[in-house]
């Protein structure tokens, strides 16, 4: 079935380093992608989104890259901080008419 | 902007009790709201899509009589877990999308409700 998968379920980085979280998607009809951050006991928090007519989008300390050729999405976090520790989910819209398909999540752990 | 409030944040109740969870969009009109269930260390599983003024659309395998959804206004959707049993214990999260729930708009999430059935 359709799925959005992540290459790494856990990622541990040193404070100050850059983090890269990867995501593979399978639905070629997807034209909208979102990254969410979920802290323990809370709901997902919107980080950044990108539409399929773009291959890169930057926010504050975050960059999302989209490679439609290989159906790959990544989230780059610059100068990772302890407060970035959380589970990160990618999501795609597929052809679901407003629904989102979520990936399995990557747990980012930042070591001081 | 785009704040979604979910209440209560935690519920502990006896088996057989019905539990209502509210989801409100505080600063925008949400024509579409979504209800998810999340087990520990797992991703979000969509349960149903709630559209203002119409019946909710349930995902395959989700019992509509068990999980009653009402979306009576553009700012409020409720999920009622009827006759809850221990296997219904989970983290329930709602999200809201404005502008008709078009597929290229982000969903904004509430902070979830931890439901524990004894």
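Residue numbers (my numbering), protein chains in the order written: chain A, 3 to 114; chain B, 10 to 127. Glycine residues also receive a C-beta, built at the ideal position from the N, C-alpha and C atoms. Bear in mind the structure is a predicted one, so any value in this text is a computation, not a measurement.
{"Query": "7 Å Cβ cut-off: residues of chain A touching residue 117 of chain B", "Result": "48"}
{"Query": "Within chain A, partners of residue 53 of chain B - CB distance below 8 Å", "Result": "46, 91 and 104"}
{"Query": "For residue 72 of chain B, three-class secondary structure by DSSP", "Result": "coil"}
{"Query": "Minimum Cβ-Cβ distance from residue 85 of chain A to chain B less than 8 Å", "Result": "no"}
{"Query": "Own chain residues within Cβ distance below 6 Å of residue 12 of chain B, not counting five before or after", "Result": "35 and 36"}
{"Query": "Chain-order list of residues whose beta-carbon lies under 6 Å from that of residue 93 of chain A (same chain, five-residue window excluded)", "Result": "36, 102 and 104"}
{"Query": "Residue 78 of chain B: contacting residues in chain A (beta-carbon distance under 8 Å)", "Result": "Neighbours of residue 78 of chain B on chain A: none; closest Cβ ~15 Å, over 8 Å."}
{"Query": "Interface flag, residue 106 of chain B vs chain A, CB-CB below 8 Å", "Result": "yes"}
{"Query": "Residues near residue 80 of chain A by beta carbon distance below 8 Å, same chain, minus five either side", "Result": "20, 63, 64 and 65"}
{"Query": "Rounded straight-line distance, which links the Cα of residue 101 of chain B to that of residue 22 of chain B", "Result": "15 Å"}
{"Query": "Inter-residue spacing [alpha-carbon to alpha-carbon] between residue 56 of chain B and residue 44 of chain B", "Result": "6 Å"}
{"Query": "Beta-carbon proximity list for residue 3 of chain A, same chain, < 8 Å, skipping 5 on both sides", "Result": "For residue 3 of chain A, the pLDDT reaches just 38, beneath the cut-off of 50, and the residue's location in the model is therefore unreliable, although a value from the coordinates is still provided. Nothing listed; no residue qualifies."}
{"Query": "Residue burial classification, residue 15 of chain B (beta-carbon count within 10 angstroms, cutoff 16)", "Result": "buried"}
{"Query": "Selection from A/67, A/106 and A/44 that minimises the alpha carbon distance to residue 53 of chain A", "Result": "A/67"}
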